[in-house]
Each structure stands twice: as C-alpha cells, then as structure tokens.
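Counting in this note's numbering, the sequence shown tops out at residue 956, every number present. Quick notes on the structure that follows.
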Amino acid sequence: MKLRMPEMPSATLVAALDSYNLLPAIVFLPTRRRCDQAASEAALTRRDPNDSRREARRDFMRSFVEQHPEVRGHRHWDTIIRGGVASHHAGHIPAWKLVIEKLMSAGLLDAIFATATVAAGVDFPARSVVLTGADARTGSGWRPLSASELQQMTGRAGRRGRDNVGFVIAAPGLHQDPQRIAQLLKAPPDPLVSQFRATYTTLLNLLDAYGSFERVREIAERSFAYRDFAHRMVQLEKSRDESEQQIKDALKAAGCEIPISVVLGLERLLGIRARLQEAKPQTRAELFHRWLNEVVKPGRVVGVGRAGRRLVIVTEKRDGSIRGLREDGTTASFPQERIGRVYSPVYRLREEDIENAFEEIRRRGKELTLAEPRLRDAFVEETDALKIIDDSIENLLPSYVKGDGTARCTEVVWDLHMTAEDFERATRRIEALREEVWLPFEQRAKVLAMFGYLDYNAQKVTERGRWLADLHIDRPLLVGEALENGLFNSLEPKQLAGIMAALTADEDRDYGELELDDDVVTSLARFEDIGFKVSAEEWKHGLEPAPELNFSAAGATVRWAGGTEWSEIVRETRAEEGDLFRMFSRTGEALLQIAGLHRSHPQAAQMAATVAEMVLREPIR
Numbered sequence: 336m337k338l339r340m341p342e343m344p345s346a347t348l349v350a351a352l353d354s355y356n357l358l359p360a361i362v363f364l365p366t367r368r369r370c371d372q373a374a375s376e377a378a379l380t381r382r383d384p385n386d387s388r389r390e391a392r393r394d395f396m397r398s399f400v401e402q403h404p405e406v407r408g409h410r411h412w413d414t415i416i417r418g419g420v421a422s423h424h425a426g427h428i429p430a431w432k433l434v435i436e437k438l439m440s441a442g443l444l445d446a447i448f449a450t451a452t453v454a455a456g457v458d459f460p461a462r463s464v465v466l467t468g469a470d471a472r473t474g475s476g477w478r479p480l481s482a483s484e485l486q487q488m489t490g491r492a493g494r495r496g497r498d499n500v501g502f503v504i505a506a507p508g509l510h511q512d513p514q515r516i517a518q519l520l521k522a523p524p525d526p527l528v529s530q531f532r533a534t535y536t537t538l539l540n541l542l543d544a545y546g547s548f549e550r551v552r553e554i555a556e557r558s559f560a561y562r563d564f565a566h567r568m569v570q571l572e573k574s575r576d577e578s579e580q581q582i583k584d585a586l587k588a589a590g591c592e593i594p595i596s597v598v599l600g601l602e603r604l605l606g607i608r609a610r611l612q613e614a615k616p617q618t619r620a621e622l623f624h625r626w627l628n629e630v631v632k633p634g635r636v637v638g639v640g641r642a643g644r645r646l647v648i649v650t651e652k653r654d655g656s657i658r659g660l661r662e663d664g665t666t667a668s669f670p671q672e673r674i675g676r677v678y679s680p681v682y683r684l685r686e687e688d689i690e691n692a693f694e695e696i697r698r699r700g701k702e703l704t705l706a707e708p709r710l711r712d713a714f715v716e717e718t719d720a721l722k723i724i725d726d727s728i729e730n731l732l733p734s735y736v737k738g739d740g741t742a743r744c745t746e747v748v749w750d751l752h753m754t755a756e757d758f759e760r761a762t763r764r765i766e767a768l769r770e771e772v773w774l775p776f777e778q779r780a781k782v783l784a785m786f787g788y789l790d791y792n793a794q795k796v797t798e799r800g801r802w803l804a805d806l807h808i809d810r811p812l813l814v815g816e817a818l819e820n821g822l823f824n825s826l827e828p829k830q831l832a833g834i835m836a837a838l839t840a841d842e843d844r845d846y847g848e849l850e851l852d853d854d855v856v857t858s859l860a861r862f863e864d865i866g867f868k869v870s871a872e873e874w875k876h877g878l879e880p881a882p883e884l885n886f887s888a889a890g891a892t893v894r895w896a897g898g899t900e901w902s903e904i905v906r907e908t909r910a911e912e913g914d915l916f917r918m919f920s921r922t923g924e925a926l927l928q929i930a931g932l933h934r935s936h937p938q939a940a941q942m943a944a945t946v947a948e949m950v951l952r953e954p955i956r
C-alpha cells in the first residue's frame, strides 16, 4: 500500500515561500472547499506587515464594489484585506474572480489558492506556482492530471517584466506524486479534442443545408472530431488500392482478361469454406451443447440428470445457467450441461399451465421428447454444404476462358487469393469505420423522424424540423415536443423560469431544497411525461436517455425570477455563488433561444422573452 504524504498547512506553506522570496504564488488545490479553507487558514495566522498594501486593498475593493455591488459583504472579504490571500475557483461569481485577478495583477496579493480547472482561464501570472498533487477531482472521483492541464498550471509561473525566471514547486499533499509531475512536465501536449457532436440540431442543420444523409456522412467523416478515423481510413484506403492494383497487374501479366470480381469471389468462397469447417462440431458433446443452446427456452420442460427423470420447467436462461420450477413448486438452478432430455411443447408460465405441463409430460413424455442430433448427420450436412462451395469454386472462371487459358487463369486466381483477402479486409474495415462515424447521426435521424421533424425516407427536414434546428439548447427535442403540445402557452412566467432551469441545469448539482408551488410541480410532471416519451424512443434506437430534471434548480430559479435579492437567494439555497450564476445564465440563454421562435410559436416566444429579462438581471446580466 502506497503511503500518502501529509499535506502542509497553508499558513506554513505561504510562510516558507515568503522566506525564500517566492511570493506571490498560485497554489493549486484539488477542491473548491479546500481552496476556501486554505485561504481562511492562511489569513488567520498571516498579517501583512505592509500597512500601505492593506489599505490599498481596502481602497481598491471599496471602489470596485461601487460598480459591482453584488460582491459587497462577501464572506472572503476580510480574508483578502487582512491576510493578502484569496481563493479562486468556479464556485465564485465572475465579479468576485475579477476583483481577485485585478488585485493579483496589481501586486496586492501574496497567494491565491485555486483549483486546476481554472488554470486555463486565469489571466494573471505569479512568481511561483505550487502543485500540491498529481490528481484532479471530478464529479465521480479522482483522476490523474493530464499533461495539458499541468502545462496550463505551470505556465502561470513568472511575471513578465518582473521575474527573470518562474518557479514551479511540488509541495507535500495527500495526492502528491513527484515522479508523475516530473513525467508530465516533459510530456508532449495532449491531443486536441473536438467539441463537434452528433446532436439533433447539428443533424437537422446539416441535412437541411446539404440535402442527403450521404453528404452529411461525408462532412462528418472529414470533421476534426473524427480526424483519427480519417487518418485510419486514409491508411486503409491506400492499402486497399495497392491490393487492387496488384491484382490488376498480375491478371494483365498472365494474359487473363477476367474481371477482378472473379479473384474477390474466390476469396469470399474460400472464407465461407473455412468458417464452415471451423464451425463443424468435432464431438458428440460439442454437438449436444450447441443443440441445447438452440432448443432450451423458457416455457419448455427439461429432464435433469443423465436419465432425465427429474422434470423442471424452464423460467429463465442466462449465460449457460438455467432457472426453473420443479413439480413440487420449488425453484431449481443448475448449469445447462446437466440437462439430459428436452420436450417439444412450450407452455405459458402461469400456475395452472405449469401444473398441466408436468401432467402432460408424465403422460405423453416419450412421444413429446425432442430427438437429439447425431454427429454423423451433422457431418453429412457439412459435407453437402462444402460440396456446393467446391463446385462454385470450380466453376468460378467465366465461360469464355477456354483451353490453355483455363489452367493459366486458374493458377493466377489462386495465387492472388491472399491479396484479395487483404483487399476485402481493408474494405470491411473502411465500411466499419464509416458506420461508426455515421451511427450516432443515424440513431438521431430515426428519433427525429419518429416525432415528425424529418422525413427519413425522403432525407428531408420538415417544416417542424426547421424551427427545431434553431434551438441550440440542451434537450431540444423535449423542448420541441413541449412547444408542439402547447405546454409553454399554459405557463405563468415564474413557472416557465423554473421549467427551463430544471431542463438546463446539471443533473447532479444541488441548488438547495426550496419549496415548490403545486402548479410548478404539476408543470414539471407534465414535462417529465413528455421527457419519458422522448427518452423511451431514444432508448429504443440505442441512444443514452437524457438526465432527469433538476427540481432544486427549478425552486431556486422560481424565487430568483420572482425578484428575490442575490444575497438572499445565495443564503436560502446555500449553493456556491458561481454555480447559481452559471445556472441562471444558462436558463436565460435557453429562454432567449425560445424567444427567437416568434414565427412558429409566437405566444411561447413572447413569454420566453419576458421571462428571460426576469432571469438575466444583475448580477447575471
């Protein structure tokens, strides 16, 4: 078991950095809570000896609050002024992060405790960067830092015009791994990841613009998102073309004026022949096992044991294991290999039917027994199939190839069958890659067709699909169906705000437990019903259903849209300010999207525009 390093107290860490003239510093910690705790702990024990810097911070923040009143009375206000340290993470509202960045840039802060997730977004350097771990926290646990994340973090070290060199320090921490840090510092940047996704709106817009699934498919294959597929396809196409050219050259050199399809046909026939031989059972036990896999099913009575005297009706079959009911009503569980006899009737698994089943098998068992397959019969069947294939191989050459040409062409065709196999293998892999790229689009196309947003057979976007294509929001299909069913027309402004928040908020984010009015709950239930219908259709076509509605987001947004002050909504929800800010902002943006549907849904659009103004007020605007 690997021992974890103890974490150095934040006050001790800042003092140590100060003693080596390594301040100001950005200290990266794994979680928001730890950043806030570290800043508070450091401020309690640290007193800025420079009174003028402390007063400068106070004056700066007093001036800043005049333009951004939402930061007045922030819980970390005294931490900054007294200790000259601060926390910086996504849990803060933009205005608070902005004041920290400006204070740092002005040289009025000694240390900032930040999470790795904001490393790419911060716009202020420091003399030193302190790494307390080689892992990053996610919603589902821990993961190792990537090379790009570490490079973003270390890239903050060294102030232009002030420092000749920047310092990167690996400090003790619970998730520290110096060797991993050293490896990441030398590693090349992580490959770029495209944000292009097969969404409903993407598909609708592409299909409407280019007019066919094939053109959409071509565009998807060329996109940056599928560059790896494209690279592999280029290599496979090169291999396929080379094999094809080898076949053509060999046929020409041998004077065989036969199509390349003859050579490819030989490869396919040989492949079928090989698979038949591989599939041929070699022993009676193997044959019997295959037969059991085919005939044993729920509702059939089987005889267990070598003699097959103990009767069991099968209720479940899974991975070679059988569950069923005995004649006395007790349950039985056993491997399929213990079955010695199988009876032909398939009975319904109802109590009265099960009783009749056992009675009938006891009375007529011999005549109802399924005959077991014989190995010699299997051999005969396989031999017949092989003969048909061999005859096809023998007659493969076109009828116009005669005389000496027959033997010559036969020989060259056989010599080329391995090259033809390479050709066929590359072709199959190319098609498999193309299908992999196209599959998520095809799945969504079928779902959209089911709800009338496109005509699948005609490969055309319907009138309904054209306005849905303009909804660049989460769950556009759910919103579209709600609009089509008139749900938006029956909502009050605050209800609509809560509904859109529940749709757009992260499923796992908690925004408090504020009580919801009955009418809001009823509206959410109606949306959930539509969401279930959409999710059921998505599941049917192999798509991951959308996450559930976030009722806590609805409660917070109803209060906010109703005019509750920012400080009060933060206090009531007990949620991170930054989380509330992003949720309200996303809700407002989604409402503005619906507000743009004034031609297709004028009433809903007008309501959405009104509610958007209620949500996008200061400090969200």
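Heads up, the beta-carbon is just placed ideally off N, CA and C, and yes, glycines get one too.
Candidates the options: closest to residue i by CA position
i: residue 919; options: 646, 951, 901 and 903; result: 951
i: residue 637; options: 541, 593, 682 and 654; result: 682
i: residue 430; options: 677, 916 and 621; result: 916
i: residue 460; options: 409, 500, 945 and 565; result: 500
i: residue 520; options: 497, 557 and 481; result: 481
i: residue 670; options: 689, 830, 660 and 653; result: 653
i: residue 933; options: 365, 856, 824 and 883; result: 824
i: residue 425; options: 409, 439 and 449; result: 449
i: residue 944; options: 829, 596 and 841; result: 829
i: residue 463; options: 678, 374, 505 and 882; result: 505
i: residue 906; options: 897, 585, 846 and 885; result: 846
i: residue 804; options: 844, 406 and 535; result: 535
i: residue 466; options: 503, 493, 484 and 693; result: 503
i: residue 395; options: 378, 441 and 777; result: 441
i: residue 763; options: 373, 751 and 568; result: 568
i: residue 897; options: 378, 740, 664 and 949; result: 949
i: residue 959; options: 547, 620 and 881; result: Absent from the model: residue 959. The displayed extent of the chain is 336 to 956, so no value can be given.
i: residue 491; options: 557, 942 and 363; result: 363
i: residue 882; options: 351, 699, 838 and 439; result: 838
i: residue 687; options: 602, 478, 850 and 634; result: 634
i: residue 423; options: 927, 911 and 925; result: 911
i: residue 941; options: 827, 899 and 870; result: 827
DSSP three-state assignment for residue i, whether helix, strand or coil
i: residue 447; result: strand
i: residue 479; result: strand
i: residue 765; result: helix
i: residue 637; result: strand
i: residue 936; result: coil
i: residue 878; result: coil
i: residue 953; result: coil
i: residue 648; result: strand
i: residue 868; result: helix
i: residue 573; result: helix
i: residue 432; result: helix
i: residue 929; result: helix
i: residue 347; result: helix
i: residue 471; result: strand
i: residue 507; result: strand
i: residue 459; result: coil
i: residue 361; result: strand
i: residue 653; result: strand
Residue burial classification, residue i (beta-carbon count within 10 angstroms, cutoff 16)
i: residue 957; result: Beyond the ends of the chain as shown, which are 336 and 956, falls residue 957; an answer cannot be given.
i: residue 434; result: buried
i: residue 773; result: buried
i: residue 903; result: exposed
i: residue 367; result: buried
i: residue 371; result: buried
i: residue 857; result: exposed
i: residue 694; result: exposed
i: residue 432; result: buried
i: residue 835; result: buried
i: residue 792; result: exposed
Sequence-distant residues of its chain with Cβ nearer than 7 Å to residue i (five each side left out)
i: residue 770; result: none
i: residue 818; result: 936 and 939
CB contact check: residue i to chain C, cutoff 7 Å
i: residue 539; result: Any reference to chain C falls outside this structure, which holds one protein chain only.
Cut-off 6 Å between Cβ atoms - residues of its own chain near residue i, not counting five sequence neighbours on either side
i: residue 550; result: none
Same chain, Cβ closer than 8 Å to residue i, five either side skipped, listed in chain order
i: residue 822; result: 858, 861, 862 and 865
### Complete runs of the alpha helix (DSSP H) confined to the segment 659-713 [at least 4 residues]
As far as the segment 659-713 is concerned, its whole alpha helix (DSSP H) runs of at least 4 residues are 686-703.
#### Entry: Length at least 4, wholly inside the segment 365-415: the alpha helix (DSSP H) runs in chain order
Counting only runs of 4 or more residues that sit fully inside the segment 365-415, the alpha helix (DSSP H) segments are 367-380 and 386-402, in chain order.
### Task
Please list the segments of the alpha helix (DSSP H) lying wholly inside the segment 783-827, counting only runs of 4 or more residues, in order along the chain.
The segment 783-827 contains these whole alpha helix (DSSP H) runs: 798-803 and 811-819.
#### Entry: Length-filtered (4 minimum) alpha helix (DSSP H) runs lying within the segment 737-761
739-750, all fully within the segment 737-761.
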